[in-house]
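*Asks:* The C-terminal position of the sequence shown is numbered 258 in numbering that gives the first Met the number 0, with every residue numbered one higher than the one before it.
Just so you know, even glycine gets a beta-carbon here, dropped at the ideal spot from N, CA and C.
Quick caveat: nothing in here was measured; it's all calculated off a predicted structure.
If you scroll down you'll find the structure; I have some questions about it.
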Amino acid sequence: MNTRKQQLAAFNRLLDIMDDLREKCPWDKKQTLQSLRHLTIEETYELADAILDNDLQEIKKELGDVLLHIVFYAKIGSEKQAFDIADVANAISDKLIDRHPHIYGDVVVESEEDVKKNWEKLKLKEGNKSVLEGVPKSLPAVVKANRIQDKVAGVGFDWEEPHQVWEKVQEELSELNDEIKNNNQEKIEKEFGDVLFSMINYARFIGVNPENALEKTNKKFINRFQFLEEAAKKEGKQLSDMTLAEMDVHWENSKEFFK
């Protein structure tokens, strides 16, 4: 691994390159905070994919892409005389020191839960009017639900035992089933949302990240379905021409490769 001196030199090199690109490259000169936004979101998702795949080389590559965007935003900020990369680094350093009084102060904590509770209390003291203020509006719904539940739990608004949450899941499923029988589409959607919200809450209680779990299932399904497509192709068939029973044979075989 690199020494701290080498790490700082590498970061300085990136800053120098960013200066060059902003001055000399037509594309880089044209970019704004707004034009970079959707690209940053894309890079973040690519990093998330690499993490789920546990591909360390790809993680390194994607981290570089995300770091480039951070440096890019800071460069634009400096051009606007608003902030530069030092301001960004100092701001997060100050926040981390303030939010960790058990490390940089005299507060005593016994567990991770104590740390999270202190974190939310400190944010309220800093001027946040609500514990939920820090939840971005544009987060994907599953991630947002998980963050909402995590944050309110941080101030004690939570169930005590996992079985209580599972009972709530069962209750919501029953209410959904009732509305399906009543054929009320608006209420079906509402109750379905309640089921998902309660399942996400239960995931937290059993130590599962619901977004990661669902995405792993997505990847597994894609791999199995593409196996099915390849198997059909080898037989000279189109999926649309196969019976469900024929497709199911290949689907079951796919489970030996993608579990």
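Under the assumption that valine 151 contacts serine 197 (Cβ atoms under 8 Å), give the Cβ distance between them as a whole number of angstroms.
*Replies:* About 14 Å; that fails the 8 Å criterion.
*Asks:* Please state whether DSSP places asparagine 200 in a helix, a strand or coil.
*Replies:* Asparagine 200: helix per DSSP, three-state reduction.
*Asks:* Can you give me the start and stop residues for the alpha helix (DSSP H) that lysine 23 sits inside?
*Replies:* First-last of the alpha helix (DSSP H) with lysine 23: 3 to 23.
*Asks:* Cα separation between leucine 227 and lysine 186?
*Replies:* Straight-line Cα distance between these residues: approximately 37 Å.
*Asks:* Less than 8 Å between C-beta atoms, sequence neighbours within five positions excluded: which residues of the same chain meet that for lysine 254?
*Replies:* Within the same chain, lysine 254 has close Cβ partners Arg223.
*Asks:* Please report the straight-line C-alpha distance between alanine 285 and threonine 39, rounded to a whole angstrom.
*Replies:* Outside the displayed span of the chain (0 to 258) sits residue 285, for which this structure offers no information.
*Asks:* Go through its chain and collect everything with a Cβ distance to aspartate 27's Cβ below 6 Å, but skip five positions before and after it.
*Replies:* Result list for aspartate 27: Leu20 and Arg21, in chain order.
*Asks:* In whole angstroms, give me the CA-to-CA distance for aspartate 107 and glutamine 80.
*Replies:* Per the sequence presented here, residue 107 reads as valine, with aspartate not at that position. Valine 107 and glutamine 80: Cα-Cα distance of roughly 40 Å.
*Asks:* Between Ile75, Ile96, Ala8 and Glu174, which lies nearest to arginine 36 when the distance is taken from Cα to Cα?
*Replies:* Arginine 36 has its Cα closest to that of Ile75, out of Ile75, Ile96, Ala8 and Glu174.
*Asks:* How many angstroms separate the CA atom of tryptophan 250 from the CA atom of isoleucine 205?
*Replies:* Approximately 30 Å, taken between the alpha carbons.
*Asks:* Note down the Cα distance separating glycine 235 from tyrosine 72, rounded to an integer number of angstroms.
*Replies:* Each residue's alpha carbon lies about 52 Å from the other.
*Asks:* For alanine 49 versus glutamate 57, is the C-beta distance shorter than 8 Å?
*Replies:* Yes, they are a contact pair.
*Asks:* Around the C-beta of tyrosine 103, are 16 or more other C-beta atoms found within 10 angstroms, so that it is buried, or is it exposed?
*Replies:* Burial call: exposed.
*Asks:* In the DSSP assignment, the alpha helix (DSSP H) including isoleucine 50 goes from what residue to what residue?
*Replies:* Note, isoleucine 50: alpha helix (DSSP H), 32 to 51.
*Asks:* According to the Cβ coordinates, are leucine 131 and isoleucine 147 closer than 8 Å?
*Replies:* Cβ atoms of leucine 131 and isoleucine 147: closer than 8 Å.
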